[in-house]
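Inspection log for the structure reproduced underneath, given as structure tokens.
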Amino acid sequence: MAEQNSNWDKSLQHATVTDIGMRRANNQDSHSVVLASDEEERSNRGHIFIVADGMGAHAAGELASKLAVDGVAHLYRKYEELSPPEALEKAFVETNSEVYRRGQANSDFRNMGTTASMLVMLPQGALIGHIGDSRVYRVRGDKLEQVTRDHSLAWELRGQLPEDAELANAIPKNVITRSLGPGSQIDTDIEGPLPIEVGDTFLLCSDGLTGRVKDEEIAAFLPNLPPDESAQLLVDLANLRGGPDNITVIVVRVVGDDLATNGEATEPLKVGVRHAAAEWHPAVLVAVAACLLVGLLLRVIGQPLVGLIAAFVGGVIGLVAFVQRSHARSKEVVLSETRQLGDGPYTETPCPSPEEVSESLATIVAELRVAPAATNLDPDWTEFDASRDRAADAQRSDIHGEAIRAYAKAVCLLMQHVRDAMNKDASDSSIEL
């Protein structure tokens, strides 16, 4: 079931579900939630949420994803002298080096890799580091936005072929073009900072979810259920549709004004800062002073021309140092709502009305009730039917929020019966919807 809540529960709700799926023998996904211990830490490094989907034979995928979630989160917090975007990018780079090193050192782990998608919630907004085809979504108002870009062959070819073309449908969806670990170098996407408003809901997930649950369904369920219930429903739907892969979901919802972005009261994020340029290097000062002193002494002893040359050299050294220092400062970029890193959001999906969501769930529940694969498992339908009937009553009374929760509970009850019947062994069973 979902893991939830924190010391920040007056302003932040979050839930996590990770599941082995219906056909896998082990779970190669990893995840981590690191909440700031106090307001100062939140201001400096924010709340951290990360999902990774490992790839590799034997235990390699598990190791790669575990190294990713632990390494990126730890290193990001470690590099306090860097701005959050720079610290996040460096954390990805150094974690990649460690995963690559471990892979090269052991033939069983050779070429192991992992996706990694990390959300950082800062006073300046939501910052995202990403590589691979795990995803980060945001629901705001009546719109679901995918704020990361899939590093996959299918996405690389998007727009080059008609969506209904036979060749487009033949492109494998699980071939990724970037990941953390197999190579010594990586190219990480950094997105944001995206403004945060009360009511915003973020979803981080591995492709075990998105391979079975459509964006239109995510847009329907995510804003209409509490985080723990929406997380469980999404995972259970993916499993009831075959669950061929591990599934990990983190749902984060902003419920308090103290986590909303307030640009006027917050120091903006900056990138390209060169801290070394803030002070004159002692060697430069010594060289300039020495040249000027030698020039003065030479002038005193009757060699004004040579002294002038020495003073000129000192001036040139000082001028070059000043220009370099100014140039370093000029590289500083101030980020804001109108000047962000990355190009997201990459897709937008409208969120249906609560009435439409309850109708959609009613259809799903009706199909589940008569699905042959479900009846072959011979579950006890008592609780399922009771929850379905409560939902139908609420739907007829136009209490759609209550109907949605009751229908969702029915789906999750059925999936729990499936788990109990199968004892969570890998299986080819699924319920076709």
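Each residue of the sequence shown is one higher than the last, beginning at 1326 in this note's numbering.
Cβ atoms here follow ideal geometry from the backbone N, Cα and C, with glycine treated the same way.
Local Cβ density within 10 Å of Asp1747, reported as buried at 16 or more and exposed below that: It should be noted that the sequence gives Met, not Asp, for residue 1747. When all chains shown are included, Met1747 counts as exposed.
Outcome for Glu1414 when other beta-carbon atoms lying within 10 angstroms are tallied against a minimum of 16: Classification for Glu1414: buried.
Per DSSP, the bridge partner or partners of Leu1308: Lying outside 1326 to 1758, the shown extent of the chain, residue 1308 is not represented and no answer is given.
Residues bridged to Pro1787 (per DSSP): In the structure as shown, the chain starts at 1326 and stops at 1758, and residue 1787 therefore has no counterpart that could be examined.
Local Cβ density within 10 Å of Leu1482, reported as buried at 16 or more and exposed below that: Looking at its Cβ environment, which holds fewer than 16 other Cβ atoms inside 10 Å, Leu1482 is exposed.
Those residues which DSSP pairs with Gln1471 across a bridge: Residue pairing by DSSP puts Gln1471 in a beta bridge opposite Tyr1462, Thr1672.
Length of the line joining the Cα atoms of Glu1815 and Ser1555: Nothing about residue 1815 can be reported from this structure: the residues present for the chain run from 1326 to 1758 only.
C-beta atoms of Val1376 and Ile1575 nearer than 9 Å: Between Val1376 and Ile1575, the C-beta gap is smaller than 9 Å, which places the two residues in contact.
Whole-Å CB distance - Val1577 paired with Thr1526, under 8 Å assumed: Taking 8 Å as the upper bound for CB-CB distance, Val1577 and Thr1526 are in contact here, some 7 Å apart.
Sequence-distant residues of the same chain with beta carbon closer than 7 Å to Asp1433, five excluded per side: Correct list, in chain order: His1383, Ala1385.
Cβ neighbour criterion (16 or more within 10 Å) applied to Asp1475: Looking at its Cβ environment, which holds 16 or more other Cβ atoms inside 10 Å, Asp1475 is buried.
Candidates Arg1503, Thr1674, Glu1366, Leu1478, of which the one nearest Ala1495 by Cα: Closest option to Ala1495, Cα to Cα, is Leu1478.
Alpha-carbon spacing of Ala1731 relative to Phe1709, whole angstroms: Rounded to whole angstroms, Ala1731 to Phe1709 spans 10 Å at the Cα level.
Cβ shell of Lys1595 (< 8 Å), same chain only, five flanking positions each side left out: Cβ within range, chain order: Ser1408, Glu1657, Val1658, Val1659, Leu1660.
Beta-ladder partner(s) of Val1576, from DSSP: Paired residues: Ala1340, Leu1528.
Collapsed DSSP secondary structure at Ser1655 in the structure displayed: Confidence is the limiting factor: at Ser1655 the pLDDT is only 49, short of 50, which leaves the residue's position unreliable and the question unanswerable from this model.
DSSP bridge partner residues for Lys1335 (one or two, in chain order): According to DSSP, Lys1335 bridges with nothing at all.
Among Val1359, Lys1403, Pro1507, the one whose alpha carbon lies nearest that of Ser1422: Among Val1359, Lys1403, Pro1507, the Cα nearest to that of Ser1422 belongs to Pro1507.
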